[in-house]
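Structure first, then comments.
Chains as they are written, first to last, in UniProt numbering: chain Y, 1 to 441; chain W, 1 to 441; chain D, 1 to 441; chain U, 1 to 441.
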């Protein structure tokens with residue numbers, strides 16, 4: 001690797017790319033990248049060219065010897081790569097619109113990660129990811145796969161169970177956001193606190209919080225439920241607040257996604273109104289993206305435009321660049337990533353993917369032990385994991401009944417009959433992206 | 001025990017008592033009972049006298065030397081008892097009416113065992129059961145507590161965690177009913193099949209089914225989802241059927257209560273209609289009970305009237321008498337009861353109560369190993385267990401926030417705010433039966 | 001099976017066969033056997049004919065319609081068998097003489113089950129057993145394999161890990177002997193006690209003992225360590241007694257084999273003297289066998305001669321016939337057998353073979369949960385299991401280093417260098433029975 | 001802590017103290033110590049004064065504002081301490097002479113950590129440590145206890161199970177030594193390798209080894225067993241080598257102490273010769289210490305004399321200073337320490353002390369997950385843990401039978417009768433240091 005790193009970014013035409021480029025520029029001293037290959041597919045070519053041109057202007061402005069390569073040839077991009085990042089979206093935002101709107105017809109939240117929408121995002125994405133894994137084992141067997149594509153937990157689970165690729169990490173910006181939020185609440189700098197995360201992707205909890213080495217979890221919960229309000233939330237989830245006594249007794253800072261499960265009917269009502277007013281979240285994002293790409297086209301722009309931070313994925317690039325940098329430099333710092341459990345969470349199968357604190361070493365993330373999940377949430381977390389495992393199996397086998405089982409056991413789905421109807425409607429809507437189901441229906 | 005057994009039945013005025021008496025009469029040769037003490041409280045005195053008189057007529061007709069004692073003095077009844085059965089209902093059916101109707105106001109199924117109603121039944125019942133345990137340790141330390149009172153799983157959990165009484169078994173008629181239903185479906189006698197049950201009370205599954213030693217689970221699932229339909233259901237749960245592909249893929253015969261969780265919205269809709277037409281289930285039962293007690297008053301009646309079987313609790317007495325008889329005679333047969341897990345189900349805390357097959361010996365039930373729960377249901381089962389544990393803790397501590405936590409994590413509850421409202425309304429409605437919460441609200 | 005059972009007994013020429021025949025005769029009413037095929041190999045033909053003739057005389061005297069078939073054609077014997085019992089000895093007693101005498105040269109106890117001798121018995125036996133399993137899957141796929149051949153634990157482990165045959169049970173007379181011994185000590189009939197066994201083959205413990213349903217373990221330990229002495233021992237292990245304070249604190253009745261591990265130097269000294277006086281145990285057994293076969297030849301003999309009971313394997317036939325009978329009749333009684341753990345013992349891999357109480361049903365043994373092993377012995381039990389697993393792997397792979405690892409980690413082996421010397425000498429001595437090692441040395 | 005740290009070192013008169021002082025001097029910039037209190041007891045006063053004077057000269061030469069306080073008043077030393085290190089020896093080396101020589105009379109290796117000698121060292125030490133814990137909870141509740149005193153695993157186990165002090169870490173120089181040894185073997189600097197340690201104190205294994213992020217374990221095992229020989233050993237354990245095929249198949253670098261268990265008879269023979277020639281290890285150490293203290297008396301000496309490194313405990317001070325410094329500065333680097341398992345090693349009770357890699361944070365060590373122990377050693381490791389737990393219980397209760405149980409189950413002890421004899425002789429020899437057994441014998 002001495003000659004400089006090669007990065008391959010699948011879904012390179014994504015609106016997130018400038019953030020990633022910015023991250024790589026910032027860390028160039030530690031992590032001397034030689035080439036960044038931005039890969040996309042025919043349908044994404046135009047966006048790839050726009051964002052690629054911006055990336056090149058950013059590099060030029062930073063005056064760094066990094067080569068940006070734009071390509072539709074994935075295998076050329078993978079060849080001898082050191083790190084492969086994935087941020088593609090099978091079926092693009094149009095597919096997400098369906099993932100979110102079809103369930104709403106059945107009074108069900110679509111939820112593009114752990115809900116019915118997430119099931120279909122997984123069904124579309126997992127076969128592609130597994131194909132990439134196969135190609136990596138052939139073309140760059142020592143490279144790391146750093147996956148951003150949602151549902152990141154389900155995707156990581158699928159790679160761990162159905163691929164021979166061992167070097168995989170799933171990433172989410174959630175834990176960084178929570179950690180920063182807690183630090184703000186405590187009015188201290190982030191490096192004075194330590195947050196013990198435990199859970200799954202989009203179902204993770206700040207289990208214990210330490211300030212200067214002393215456990216301050218209860219104090220944080222006081223702050224969260226006091227007049228200041230429980231202000232820690234991701235940009236893409238409506239903050240409806242929590243009943244203060246409930247949150248205090250829960251005794252952990254949950255990721256915003258918990259609202260989908262413990263505030264189901266409120267979230268549904270809120271979504272129905274929002275859809276009425278501004279369309280689904282996917283449609284909102286489509287508009288944001290259009291605006292972003294308009295900005296990106298500006299040939300005088302040579303930095304990441306600040307508007308990008310309004311998008312839900314703030315800190316995503318920070319998470320990715322930190323991870324890649326720590327692996328490359330054997331930094332051995334602690335980051336919260338999706339990786340194989342191996343016993344870190346006592347209640348979850350050691351083979352499964354979990355989202356926990358890890359030391360990031362040159363040989364990858366090593367999970368820190370966090371013990372049992374609290375009684376209050378161990379059932380729900382387990383249920384999401386059951387959903388992820390069943391969904392991953394359906395994605396690989398293309399088995400209708402397995403997909404129906406995954407849909408029905410999802411906590412957001414109101415009954416088996418609606419599960420079947422949603423499944424059928426979504427299978428029909430996404431048929432072009434689900435070849436594995438083709439001859440089985 | 002040579003001089004004949006003493007049975008103490010708490011809640012002796014229950015309409016179920018004739019079935020229990022019939023069971024004892026049938027098994028007199030194996031299990032020579034000398035005395036049956038039927039205990040009740042002041043409010044139940046009238047019913048106790050009616051049902052007690054019937055019991056005496058039944059014994060007389062059977063011409064057996066069993067003495068029936070009616071009493072309001074629980075401690076006299078417990079003194080030197082060999083078996084204590086509990087079938088009481090704190091607050092009687094009037095309380096159950098509230099457990100079922102108040103949640104409906106919030107578009108929530110009350111469900112008197114594992115739902116919000118079950119939480120309150122547990123909050124009312126557990127302190128009384130723990131008091132009985134304490135008295136037993138004093139007055140009849142070698143006796144077995146055989147608990148029928150719902151929520152039987154939560155009650156057994158509470159005894160295992162908060163009492164020193166070790167000799168406790170929780171009973172449900174569900175598994176017997178499923179087993180009989182499967183035998184009927186297969187058109188064979190029950191003794192040719194073996195059903196491996198695994199789960200919790202009212203959340204139990206016929207995991208594997210054997211006919212003459214060969215695994216026939218798949219065949220049973222075919223039958224269940226074929227034209228004959230999935231006909232195995234308890235009398236007290238509306239049979240809405242299951243999506244056949246779902247049930248087949250689930251690969252197990254679930255107890256009817258699973259409908260509350262995987263058919264939530266359908267069950268709710270159905271209940272709203274039923275309440276409109278005939279009142280809550282509790283109100284239906286009140287009418288049935290009134291009719292039963294009218295029958296019981298008939299001084300010419302000296303048998304269990306067949307109408308009793310229309311009540312939901314069919315086989316309850318069979319379950320209880322079989323259990324008592326097998327303990328007394330060290331029969332070492334296999335029964336499905338609620339007992340301490342000890343590792344029988346790999347996914348559940350060894351300390352917790354589970355509903356599994358056990359060998360019934362003189363020293364009590366010994367669970368048979370059943371391994372991991374299938375992925376599809378391990379989350380939901382775990383979630384019900386989390387609810388039971390949190391509810392039991394709330395019952396013992398009288399802590400408001402713990403009760404709110406239990407309510408909010410229940411899978412039937414739509415959101416934290418409604419959880420709080422239901423909790424507050426139910427706490428107010430049941431205030432006289434919840435002394436442990438008195439000074440804490 | 002309606003037409004009567006077919007039993008195939010591999011190693012039919014064994015001196016134990018008359019006991020087995022007697023057991024089948026006694027249980028004929030319950031278990032109507034039509035044919036018993038006694039199989040042996042060319043080298044055992046003479047013994048097969050002698051013992052086969054006796055078996056025929058026994059059947060004739062009992063006047064039962066059971067056909068005895070003597071054969072060297074194993075596949076003909078297996079064809080359509082209902083139960084296959086194995087009691088063969090690869091290399092016969094001459095091999096056992098080497099297993100016991102070669103280690104003694106290195107001041108090491110040979111121990112034909114869990115010691116260096118057991119390693120070699122396993123290396124010789126396991127490939128043959130796995131071949132039988134393969135043939136059974138072809139010729140009698142519904143039959144049960146009931147294995148008596150030692151080391152029974154290691155053999156059962158090997159079948160569970162390296163064969164597709166699921167219907168296997170390993171048997172030992174140890175637990176029956178301990179149970180009878182405890183009953184004698186308590187001066188009560190065996191059916192009044194319940195003994196909870198937990199452990200591995202030849203490393204099993206009577207963990208808790210109940211008399212009429214009450215725990216009397218401490219009282220038994222008092223008796224064991226009182227003036228009556230600790231009299232429970234198998235015939236084939238010298239009873240050197242235990243330090244009473246040790247045994248009492250241990251709090252369990254151990255199988256006699258525990259002496260090899262917690263009295264190693266005393267057992268070794270005793271063996272060295274015994275070998276001097278009367279030869280190895282194998283040589284003693286050879287003499288006993290010669291005498292038995294002289295008796296068997298007597299054409300007037302038509303019963304099992306009482307002298308057979310002097311042989312170490314008392315109750316072996318009882319164990320086997322009870323097991324076969326309970327499977328055949330779905331008796332659901334409790335027996336202590338070697339079967340897959342599945343969580344019965346919390347400390348041992350669920351996949352591994354353990355010796356625990358099971359309910360014996362038509363679909364085979366179902367283990368009863370017994371929880372964690374006591375701290376005092378969990379290490380040693382685990383170490384024997386590690387030895388068994390490593391030895392089974394060596395038997396299957398024929399890998400020299402794996403065999404050396406198994407030998408070195410055995411607790412009876414004094415050091416790695418002697419381990420290697422013993423291994424080399426035993427490999428050379430048994431070369432004709434270890435084809436799997438042939439081209440690897 | 002801003003005003004500078006206070007360190008209290010119990011057993012301050014130890015010959016190791018200069019190393020500790022040197023370590024503190026080196027790290028003064030990172031870790032501004034204000035006071036080091038060296039505590040000893042009356043019997044150690046002379047040594048305390050000698051070593052204390054040297055410490056003062058070392059500080060003076062370094063020209064640092066650290067105050068050295070010599071005291072016999074432990075409570076004054078503990079008052080408001082930030083870190084408490086323990087390196088005392090109850091009964092001093094004279095007691096160790098007995099621990100090592102008495103077992104030898106019974107042809108048993110004494111082994112002052114995990115053998116019969118270790119049992120007695122534990123029996124003498126644990127009550128004192130628990131007393132210190134109690135005082136710390138009173139006098140310096142926020143301080144960390146950093147324990148060097150052997151048997152460090154047993155002592156840590158005892159603190160975790162029998163004290164309310166949570167801030168405890170047990171230290172050993174073994175892992176550092178192995179890591180440095182591996183780096184030397186690979187001819188690379190230590191910071192290019194990562195060694196995954198797993199096990200218990202003095203029973204730890206380098207399970208996997210990574211060089212620049214790639215697993216090189218097999219290559220290291222090749223080197224270890226090649227012509228270069230297996231050169232990684234501690235100074236205080238005779239290196240008898242390993243059978244190469246065994247070590248390679250073991251596939252891990254074991255700590256030298258493994259020789260006691262897998263080379264028992266060779267180690268015993270070697271010790272018997274060594275004792276003949278130069279006395280027990282304790283007697284050798286006594287001579288070394290006498291020489292060291294002669295050196296220490298030299299008033300011109302103001303550095304740690306190089307001869308100290310010949311003593312067994314090389315790197316001890318490095319281990320201690322690194323740990324204290326990382327806790328103080330929240331360094332979050334990886335160190336191998338004795339701490340509560342919490343699931344890091346799947347096979348060991350989560351409550352127990354284990355020796356594993358941890359991230360060292362301001363709130364203490366957080367174990368990194370390492371999964372299951374390899375089959376080959378999981379039994380032995382578990383057996384040592386059983387010994388430690390039983391020994392710790394005996395130390396706390398003063399129960400004779402528990403001590404006998406601990407002695408008998410130790411893998412070095414040849415039989416129960418010799419166990420009892422050694423126990424009795426050692427109890428008599430150490431009677432003045434074992435008050436807890438006084439009225440119980």
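Glycine included, every Cβ here is placed at the ideal spot set by N, Cα and C.
Task: chain Y within 8 Å of residue 246 of chain W, Cβ atoms only - done: yes
TODO: Report yes if the CB atom of residue 107 of chain Y is closer than 8 Å to the CB atom of residue 268 of chain Y, and no otherwise.
DONE: yes
- [ ] Excluding the 5 residues preceding and the 5 following residue 325 of chain Y in the sequence, name in chain order all residues of the same chain whose CB lies nearer than 6 Å to its CB.
- [x] 27, 30 and 31
Task: Closer than 9 Å at the beta carbon, the chain Y residues around residue 361 of chain U - done: 194, 210, 213 and 334
- [ ] Kindly indicate if chain W contains any beta-carbon less than 8 Å away from that of residue 234 of chain D.
- [x] Confidence at residue 234 of chain D is low in this model, with a pLDDT of 43, below 50, so the placement of that residue should be treated as unreliable; the coordinate-derived value is given next. So, not an interface residue.
TODO: Consider the C-beta atom of residue 163 of chain U and the heavy atoms of the ligand FMN; say whether any pair is separated by less than 7 Å.
DONE: Judged by which ligands are present, the structure shown has none, so any question about the ligand FMN falls away.
TODO: For residue 350 of chain D, go through chain W and note every residue whose CB falls closer than 8 Å to its CB, in chain order.
DONE: 346 and 371
Open item on the list: With three or more C-beta pairs closer than 8 Å as the rule, is the stretch 328-344 of chain Y touching the stretch 325-342 of chain U?
Closed with: yes
Task: residue 32 of chain D: contacting residues in chain W (beta-carbon distance under 7 Å) - done: In chain order: nothing, as chain W lies at least about 16 Å away.
Task: Listed by chain order, chain D residues near residue 424 of chain U by CB distance under 8 Å - done: Within chain D, no residue comes near residue 424 of chain U; the closest Cβ sits about 11 Å away, beyond 8 Å.
Task: Burial state of residue 17 of chain W, where buried means 16 or more other Cβ atoms lie within 10 Å - done: buried
Open item on the list: Can you confirm whether residue 3 of chain U, when its beta carbon is compared against all beta carbons of chain D, has any partner nearer than 8 Å?
Closed with: no
Open item on the list: Using beta carbons (cut-off 8 Å, strictly below), is residue 103 of chain U in contact with chain B?
Closed with: Chain labels in this structure do not include chain B; the protein chains are Y, W, D and U.
Open item on the list: Contact between the stretch 120-139 of chain D and the stretch 361-378 of chain D is defined here as three or more beta-carbon pairs at a separation below 8 Å; is this criterion met?
Closed with: no
TODO: Could you spell out where the beta strand (DSSP E) holding residue 97 of chain W opens and where it closes?
DONE: Element bounds for residue 97 of chain W: not the beta strand (DSSP E) but the alpha helix (DSSP H), 92-105.
Open item on the list: Counting only Cβ pairs nearer than 7 Å, list the residues of chain Y close to residue 389 of chain W.
Closed with: 375
TODO: Determine the direct distance from the alpha carbon of residue 355 of chain Y to that of residue 14 of chain W, and round the result to whole angstroms.
DONE: 51 Å
Open item on the list: By the 7 Å beta-carbon criterion, what residues does the stretch 255-284 of chain D contribute toward chain U?
Closed with: 262, 263, 264, 265 and 266
Open item on the list: So, does the stretch 67-83 of chain D touch the stretch 44-56 of chain D, judging by three or more C-beta pairs under 8 Å?
Closed with: yes
TODO: Could you spell out where the alpha helix (DSSP H) holding residue 67 of chain W opens and where it closes?
DONE: That residue, residue 67 of chain W, is in no alpha helix (DSSP H); its beta strand (DSSP E) goes 67-71.
- [ ] Assuming residue 39 of chain Y and residue 8 of chain Y form a contact by the criterion Cβ under 8 Å, report the distance between their Cβ atoms to the nearest whole angstrom.
- [x] 6 Å
TODO: Examine chain D for any beta-carbon lying closer than 8 Å to the beta-carbon of residue 438 of chain U, and answer yes or no.
DONE: no
- [ ] Kindly indicate if chain Y contains any beta-carbon less than 8 Å away from that of residue 343 of chain U.
- [x] yes
- [ ] Give me the Cβ distance between residue 284 of chain Y and residue 278 of chain Y, rounded to the nearest whole Å; I'm assuming they're in contact under 8 Å.
- [x] 6 Å
- [ ] Quick one: residues in its chain with C-beta nearer than 6 Å to the C-beta of residue 185 of chain D, no 5 flanking neighbours on either side, listed in chain order?
- [x] 223
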